[in-house]
Amino acid sequence: MTILRTYAPLFVPDIGAALPAFARLCPRGPLLRFTHGEFEAAMASGFLLLCGPPAALAAHREIRTIAIVSDLRAIQRDLLAAGARILFGPRRVTTGRHLAARLPAGEVVEYLQFGWSRMAAH
2 MTILRTYAPL
12 FVPDIGAALP
22 AFARLCPRGP
32 LLRFTHGEFE
42 AAMASGFLLL
52 CGPPAALAAH
62 REIRTIAIVS
72 DLRAIQRDLL
82 AAGARILFGP
92 RRVTTGRHLA
102 ARLPAGEVVE
112 YLQFGWSRMA
122 AH
């Protein structure tokens, strides 16, 4: 299992209004913009911008980082062996499959394995 990249979640009131500043500040600009349920998200450099109704975002506010991984099954096995508690998942989402875990020290991390073929369909 490899962690390929990490993203810090940022909650913004309007993704469309936030993206121009991130395009200027982040040389690579948005890597991906998508809708998941009731909220919108965009990845830019090391940030994951999230926008939506408070109720839809409530479950995500506790997540401190999002880790893109090469093998979600392997990370789940490693997390359990390290004493982490799986909060949800693994489950399919627009971008692939993910799960969230509370680490032994208390932090909540979301792990995502991209499903490129699923994303191509959107």
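Mapping of the sequence shown onto my numbering: position 25 corresponds to residue 26, and the numbering continues sequentially without gaps.
Built from N, CA and C at the ideal position, the CB exists for glycine as well.
Ordered list of alpha helix (DSSP H) runs contained in the stretch 28-100, each at least 4 residues: As summarised for the stretch 28-100, the continuous alpha helix (DSSP H) elements at least 4 residues long and confined to that stretch are 55-58 and 73-82, given in chain order.
N-terminal and C-terminal residue of the alpha helix (DSSP H) that Pro-21 is part of: Here residue 21 corresponds to residue number 20 of the sequence shown, with the count starting at 1. Taken as a continuous stretch (DSSP letters only), the alpha helix (DSSP H) holding Pro-21 covers 16-26.
The stretch 72-87 in contact with the stretch 21-41 per 3-pair CB rule at 8 Å: Below 8 Å, too few C-beta pairs join the stretch 72-87 and the stretch 21-41 to call them touching: fewer than three.
Helix, strand or coil at Leu-5 according to DSSP, with G and I counted as helix: The residue given as residue 5 occupies position 4 in the sequence shown. Three-state DSSP puts Leu-5 in a strand.
Cβ pair Phe-12, Ala-45 closer than 8 Å: Along the sequence shown, one-based indexing puts residue 12 at 11. Along the sequence shown, one-based indexing puts residue 45 at 44. No.
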